[in-house]
Amino acid sequence: MRDLCSALQNKTYFNYGGQGPLPSPSLEAIAASWSRVQELGPFTADVWPYIASEVNSTRCLLAQYCGVPPHRLALTENVTSGCVLPLWGLPFDEGDRLLIGDCEHPGVVSACVELARRQNLAIDVLPVKHLRGDQSQCDVSVVEAMAQTLTPRTRLVVLSHLLWNTGQVMPIAAVAYQLTQHPQQPFLLVDAAQSFGQIPVEEAAAADIYAFTGHKWACGPEGLGGVALSERVLAKAAPTVIGWRSLRDESKADLTSKDLFHHDSRRFEVATSCVPLMAGLRCSLQLLDNEGSAQQRWDRIRNLSSDLWQALQGLEHVKPLLEVPPASGLVSFQVDGDVPPAEHVKKLGAQGLWIRDLADPSCLRACTHITTTEEDINTLVAAISAL
Ligand SMILES: Cc1ncc(COP(=O)(O)O)c(C=O)c1O
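Numbering follows my numbering, in which position 152 of the sequence shown is assigned residue number 152; successive positions increment by one, without gaps.
Rendered as structure tokens:
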């Protein structure tokens with residue numbers, strides 16, 4: 001896999017949580033699909049069966065990864081639209097409350113803030129940022145924190161599967177179960193930006209909205225993602241950004257019809273999007289599967305992140321955020337001193353080493369994927385020790 005990624009040939013790369021490298025066969029699959037569209041179409045009766053088969057096979061494959069039937073999988077362009085399109089269609093009453101984890105991404109948080117402003121909802125915060133220890137203790141603490149912050153009016157909980165800043169895995173199945181015991185049965189929205197392609201995601205079936213992208217850990221092209229939706233979201237959430245793909249009959253919008261929209265996940269799809277990307281994402285997922293099962297790949301990622309965490313732990317001026325080896329490939333850490341993290345990123349970048357900084361908590365983050373080598377880790381640790 002590493003040899004197939006041109007992005008990994010001329011740099012030492014640790015930004016998989018930002019964007020994964022696109023392997024050459026995936027790039028070739030995109031180009032071949034784009035050529036096929038031109039040969040058959042681009043807008044002819046001959047091209048439609050090809051487009052339909054690309055869309056259907058991609059929907060089926062992504063649904064299979066999430067452990068849901070295809071009618072519950074909407075194709076989107078990124079994580080944020082997968083979160084926000086169904087979120088805005090959920091049924092809320094004035095005074096309902098949203099419970100949002102304190103490690104959520106600014107895009108999703110701001111969508112909740114604006115939704116709350118328009119619909120007179122209140123926002124509560126679920127504290128998870130401080131959880132830095134052992135996974136089973138973390139799981140217990142999340143459930144306890146939920147119990148303390150849920151209110152009788154909570155209608156929605158927003159929590160990432162894998163926190164993008166600390167790297168902690170959230171116990172989504174336990175949280176989903178806890179919500180079934182609540183009198184309001186709040187909806188559960190899960191941001192899966194950091195989990196899809198990295199860790200097994202069948203827990204998706206337990207969430208109402210499980211939104212992911214192909215361009216991070218799945219090493220697909222940017223511009224294609226998906227969202228797995230529960231049956232009750234399909235039944236109760238209204239479509240939001242509406243276009244011809246949301247319609248049961250895309251050829252006309254009947255002004256008198258009371259039943260315009262698909263009853264399945266397609267009610268959250270909008271209009272024309274880039275079909276050739278689909279071949280690229282399917283190819284990347286196949287390449288990952290060729291490297292081992294999801295569990296085997298996660299083990300490999302964790303072995304590598306654990307090596308990195310241990311080496312950073314051994315540096316006097318460096319403090320990893322987590323107190324134990326990470327449960328994922330995200331390794332966040334702080335460097336003593338007054339130099340802003342962004343300056344460290346620049347300095348390492350000048351040496352061909354790519355990590356990123358994060359604002360809250362202020363830290364640096366390096367990610368290990370199955371394509372990471374021990375040599376990559378040694379090079380990074382040597383450069384950090386010299387900072
Ligand atoms: C946790 C999380 N959510 C959302 C996003 C935004 O992703 P996208 O641009 O695919 O919407 C990111 C990107 O880094 C992320 O890490």
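Think of the CB as a built atom: it goes at the ideal place given N, C-alpha and C, for glycine as much as any other residue.
Are the Cβ atoms of residue 222 and residue 9 separated by less than 8 Å? no
Relative to the C-alpha of residue 150, which residue among 17, 64 and 124 is closest? 124
Please identify the residue among 65, 71, 54 and 106 whose C-alpha is closest to the C-alpha of residue 83. 106
What residue from 373, 148 and 271 has the CA that sits closest to residue 307's CA? 373
Examine the Cβ distances between the stretch 26-37 and the stretch 222-237 and report whether three or more of them are shorter than 8 Å. no
Between the stretch 323-331 and the stretch 154-161, do three or more beta carbon pairs fall short of 8 Å? no
Please find out if some non-hydrogen atom of ligand 1 comes closer than 7 Å to the beta-carbon of residue 213. The nearest non-hydrogen atom of ligand 1 is less than 7 Å from the C-beta of residue 213.
Say yes only if the C-beta of residue 394 is nearer than 7 Å to one or more non-hydrogen atoms of ligand 1, and no if none qualify. Summary: the structure shown does not reach residue 394, with the chain confined to residues 1 through 387, and so no result is reported for it.
How would you label residue 369, buried or exposed, when you count the other beta carbons within 10 angstroms and need 16 or more for buried? buried
Is the number of C-beta pairs between the stretch 88-107 and the stretch 311-322 that are closer than 8 Å three or more? No, they do not touch.
Who are the near neighbours of residue 267 in its chain, counting only those whose CB is closer than 6 Å to its CB and skipping five residues on each side? 239, 246 and 261
Tell me, which residues are paired with residue 368 by DSSP? Among the bridge pairs identified by DSSP, residue 368 is matched with none.
Where does residue 117 land, buried or exposed, given buried means 16+ other C-beta within 10 angstroms? The residue is exposed, with fewer than 16 neighbouring Cβ atoms inside 10 Å.
Less than 7 Å separating the Cβ of residue 318 from some heavy atom of ligand 3? Ligands present in the displayed structure are limited to ligand 1, and ligand 3 is not among them.
Nearest residue (CA-CA) to residue 387, options 315, 366, 376 and 365: 315
Sort 88, 241 and 259 by Cα distance to residue 248 and report the nearest one. Residue 248 has its Cα closest to that of 259, out of 88, 241 and 259.
Compute every distance between the C-beta of residue 193 and the non-hydrogen atoms of ligand 1, then say whether any falls below 7 Å. yes
The beta strand (DSSP E) that contains residue 97, what's its start and end? 97-101
Would DSSP call residue 19 helix, strand or coil? coil
Expressed to the nearest angstrom, what Euclidean distance is found between the alpha-carbon atoms of residue 295 and residue 344? 33 Å
Determine contact between the stretch 266-281 and the stretch 296-306, defined as no fewer than three beta-carbon pairs at a distance below 8 Å. no
Is the CB-CB distance between residue 331 and residue 353 below 8 Å? no
Residue 365 to residue 135, Cα distance in whole Å? 19 Å
Through-space distance from residue 217 to residue 23, alpha-carbon basis: 12 Å
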